[in-house]
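Right, one structure below, let's go through it.
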Amino acid sequence: MSRNLKLFIMVLPTIVLLVIFTYIPIGQEIQIAFENYNLYNLSNIYFNGFDNFINIFTSVDFNFVQIVLNTVIWVVVSLVFQFTLGFGLALLLKKPFKGRGIYSGLVFYPWAVSGFAIGLVWAWIFNGQFGLINGILMRFGIINQGIGFLSDPHIALASVIVVNIWYGIPFFAIMLLAALQSVPEELYEAAKIDGAGRFRRLVNVTIPYIRPTIASTILLRTMWILNFPDIIYAMTNGGPANSTNTLANYMIIKMYSFYNYGQAAAIGFIIMSILMIYAVIYLSIFSRLERGVI
27 MSRNLKLFIM
37 VLPTIVLLVI
47 FTYIPIGQEI
57 QIAFENYNLY
67 NLSNIYFNGF
77 DNFINIFTSV
87 DFNFVQIVLN
97 TVIWVVVSLV
107 FQFTLGFGLA
117 LLLKKPFKGR
127 GIYSGLVFYP
137 WAVSGFAIGL
147 VWAWIFNGQF
157 GLINGILMRF
167 GIINQGIGFL
177 SDPHIALASV
187 IVVNIWYGIP
197 FFAIMLLAAL
207 QSVPEELYEA
217 AKIDGAGRFR
227 RLVNVTIPYI
237 RPTIASTILL
247 RTMWILNFPD
257 IIYAMTNGGP
267 ANSTNTLANY
277 MIIKMYSFYN
287 YGQAAAIGFI
297 IMSILMIYAV
307 IYLSIFSRLE
317 RGVI
């Protein structure tokens with residue numbers, strides 16, 4: 027038996043599992059995206075071309091342009107603050123100090139909790155009538171009446187983004203802390219001998235060494251945030267007035283509120299296409315950076 031055949035036999039179970047649980051469902055999802063598939067009328071399923079996409083783009087009840095804009099803001103703002111604060115937290119936790127284990131456990135705990143449960147808790151905290159934040163602000167005389175954090179279209183999106191930032195910080199902190207602990211101390215000592223201060227050591231030693239981890243975590247987290255409807259669904263379900271609706275939440279609404287699996291699959295197809303294009307461009311740019319082309 028040749029070496030290549032042995033390797034193929036070894037990876038065959040993985041290939042079979044990927045085909046069954048990943049590629050076949052994706053193929054079915056793409057097929058449904060081009061069908062009239064509604065649970066209210068399962069006897070009338072047929073190929074309808076691009077009708078699902080046209081209905082999504084031209085919907086009067088759901089402004090698709092606004093949903094896309096909400097999605098971009100949701101992803102970009104969340105990602106920037108999650109990475110910045112998570113990286114800063116990882117730097118603080120890098121050096122041992124008394125009680126670091128307990129503190130790290132408390133910091134990383136939110137990442138182990140369901141996003142939907144987090145959304146329910148924060149929906150109570152942000153409640154405009156009896157929420158915790160309004161109660162504190164009114165007790166200290168900062169405001170006279172409750173702020174509708176989740177009922178005001180002007181601040182609802184910012185409110186759910188704050189929760190998503192809080193929820194996602196532990197991921198970057200965990201991943202980047204592990205990467206920081208792998209940086210050899212000899213590099214820092216050599217940089218100190220050359221007269222490099224803390225900032226220069228961070229820029230010229232730490233970041234270049236952990237750049238692959240930074241790149242992979244940003245790529246993964248971008249995909250997760252774009253595909254993450256839990257917090258928004260639990261807190262606002264896309265409201266008020268469509269102000270917090272994102273593509274992922276829009277897909278959930280189409281599926282579980284309207285039972286229109288065809289349009290839900292079409293939205294899923296749009297999300298998948300966006301992520302594929304983003305991943306190709308992102309990895310291409312990172313590859314060029316690594317080769318020094320850019």
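Numbering of the sequence shown is given in the numbering used here, commencing with residue 27 and proceeding in unit increments. Every residue, glycine too, gets a C-beta built ideally from N, C-alpha and C.
Do the CB positions of residue i and residue j come within less than 7 Å of each other?
i       : j       : result
Ile-236 : Ala-199 : no
Gly-127 : Ile-257 : no
Ile-297 : Leu-273 : yes
Asn-271 : Asn-96  : yes
Ser-177 : Pro-266 : yes
Ser-104 : Ile-187 : yes
Gly-288 : Glu-61  : yes
Tyr-285 : Ile-93  : no
Tyr-259 : Ile-233 : no
Phe-107 : Ile-191 : yes
Ile-99  : Phe-90  : no
Tyr-63  : Ile-71  : yes
Ala-217 : Arg-224 : no
Ile-173 : Asn-153 : no
Measuring alpha carbon to alpha carbon, tell me which residue in the options is nearest residue i.
i       : options                               : result
Thr-243 : Glu-215, Lys-218 and Tyr-308          : Tyr-308
Val-229 : Phe-113, Gln-155, Pro-196 and Lys-124 : Phe-113
Leu-183 : Leu-31, Met-261 and Leu-65            : Met-261
Ala-290 : Lys-280, Ser-299 and Phe-284          : Lys-280
Asn-170 : Gln-155, Gly-223 and Pro-179          : Gln-155
Gly-53  : Phe-295, Ile-311 and Arg-314          : Phe-295
Pro-238 : Glu-316, Leu-65 and Asn-30            : Glu-316
Tyr-135 : Phe-197, Asp-87, Thr-84 and Val-86    : Phe-197
Ser-208 : Met-164, Arg-29, Ser-85 and Lys-121   : Lys-121
Trp-250 : Tyr-66, Asn-30 and Leu-301            : Leu-301
Rounded C-beta distance between residue i and residue j? I'm assuming under 8 Å.
i       : j       : result
Trp-148 : Val-189 : 5 Å
Ser-130 : Leu-119 : 6 Å
Tyr-193 : Ile-144 : 6 Å
Leu-111 : Ile-162 : Not confirmed; about 22 Å, so no contact.
Thr-248 : Val-101 : 6 Å
Phe-175 : Ile-168 : At roughly 14 Å, the Cβ-Cβ gap does not stay under 8 Å, so Phe-175 and Ile-168 are not in contact.
Ala-59  : Ala-292 : 4 Å
Leu-213 : Val-231 : 5 Å
What is the residue span of the alpha helix (DSSP H) that residue i lies within?
i       : result
Leu-65  : Neither: Leu-65 is in no alpha helix (DSSP H) and is coded neither H nor E.
Phe-109 : 90-120
Leu-33  : 29-44
Ile-297 : 287-317
Leu-273 : 273-282
Phe-79  : 77-83
Trp-148 : 141-151
Tyr-49  : No alpha helix (DSSP H) contains Tyr-49, which DSSP labels as neither H nor E.
Val-229 : Looking at the DSSP string, Val-229 is not in any alpha helix (DSSP H), and its letter there is neither H nor E.
Tyr-129 : 126-134
Ile-219 : 211-219
Consider the C-beta atom of residue i and the heavy atoms of the ligand MN; say whether any pair is separated by less than 6 Å.
i       : result
Val-147 : Judged by which ligands are present, the structure shown has none, so any question about the ligand MN falls away.
Practice prompt. Scan the stretch 241-271 and note each continuous beta strand (DSSP E) run of 3 residues or more that stays entirely inside, going in chain order.
Written response: none
Quick check for students: name the residue ranges of the alpha helix (DSSP H) that lie wholly in the stretch 149-194, counting only runs of 4 or more.
158-165
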